[in-house]
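*Asks:* First the structure, which I've put down as structure tokens, then a few questions once you've had a look.
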Amino acid sequence: MAECIFCKIVAGDIPCHKVYEDDHVLAFLDIGPLSHGHTLIVPKTHHPTLDQVPDDVAAACGAIVPRLARAILRATGATAWNLLQNNGPDAGQEVEHVHFHIIPRESDDNLGFRWHTKSLDSDAALNLKVAISDALR
Ligand code: AMP
Ligand code: ZN
């Protein structure tokens with residue numbers, strides 16, 4: 539993908555602060571960090587969103603998350619972390635090359651998410667679980 543900024547980073551055409559690399563995955567510091575140590579994990583192949591990613595690429599991305607998170611916690615002194623993963627503009631995705639945010643957290647860091655929960659209607663839940671289960675086949 540010639541115009542994809544993360545493909546350009548993977549290709550070495552634009553610089554990044556690389557913290558990890560293997561055959562399938564690159565991890566580097568976010569240029570607009572939400573907190574100290576905010577890091578992105580990207581697959582080396584271009585896929586717009588996680589639902590379009592083949593299983594082996596998803597596995598490679600997921601496999602490095604715990605080790606990288608441990609290293610970030612150790613390096614930053616953060617006490618907690620969020621794994622954030624946006625898919626599609628309506629979910630806040632700005633770079634259309636799938637990526638995982640590791641966001642270090644501390645108490646009182648004012649980085650809270652505001653989720654306004656609704657209640658799950660039991661009839662709707664029944665229909666929904668059938669629809670999702672059927673769609674998985
Ligand atoms: P998202 O909203 O999930 O698509 O997040 C995209 C993230 O990519 C943002 O947190 C940006 O700060 C980050 N970003 C964009 N360009 C670069 C870059 N050249 N190097 C590092 N991070 C970047
Ligand atoms: Zn790309």
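Under my numbering, the very last position in the sequence shown is 675; numbers go up by exactly one each time. The C-beta atom is built at its ideal place from N, Cα and C for all residues, glycine as well.
Can you tell me which residues form a DSSP beta bridge with His639?
*Replies:* Here residue 639 corresponds to residue number 101 of the sequence shown, with the count starting at 1. Looking at the DSSP assignment, His639 forms a beta bridge with Leu578, Leu622.
*Asks:* For the pair the segment 632 to 641 and the segment 577 to 592, tell me if three or more CB-CB distances fall below 8 angstroms.
*Replies:* yes
*Asks:* Buried or exposed for Leu658, going by 16 or more other Cβ atoms inside 10 Å?
*Replies:* Within the sequence shown, the letter at position 120 stands for residue 658. By the beta-carbon neighbour count (other beta carbons within 10 angstroms, threshold 16), Leu658 is exposed.
*Asks:* Quick one, what's near the ligand ZN if you take every residue whose CB is closer than 6 angstroms to any heavy atom, in chain order?
*Replies:* Met539, Cys542, Phe544, Cys545, His584, His635
*Asks:* What does DSSP give as the partner residues of Ala565 in its beta bridges?
*Replies:* Here the question's residue 565 lines up with position 27 in the sequence shown. Answer is Tyr558, Ile579, bridged to Ala565.
*Asks:* When you compare only the Cα positions, how much space is there between Ala597 and Glu559?
*Replies:* Position 59 of the sequence shown, counted from the start, is the residue given in the question as residue 597. Position 21 of the sequence shown, counted from the start, is the residue given in the question as residue 559. Distance between the alpha carbons of Ala597 and Glu559: 15 angstroms.
*Asks:* If you follow the alpha helix (DSSP H) that Ala629 is in, where does it begin and where does it stop?
*Replies:* Here the question's residue 629 lines up with position 91 in the sequence shown. It is not in any alpha helix (DSSP H) - Ala629 carries neither H nor E in the DSSP assignment.
*Asks:* With a threshold of 7 angstroms (Cβ to nearest heavy atom), would Glu644 be considered close to the ligand AMP?
*Replies:* For the purposes of this step, residue 644 is taken as residue 106 along the sequence shown, with counting starting at 1. No, Cβ of Glu644 sits at least 7 angstroms from all heavy atoms of the ligand AMP.
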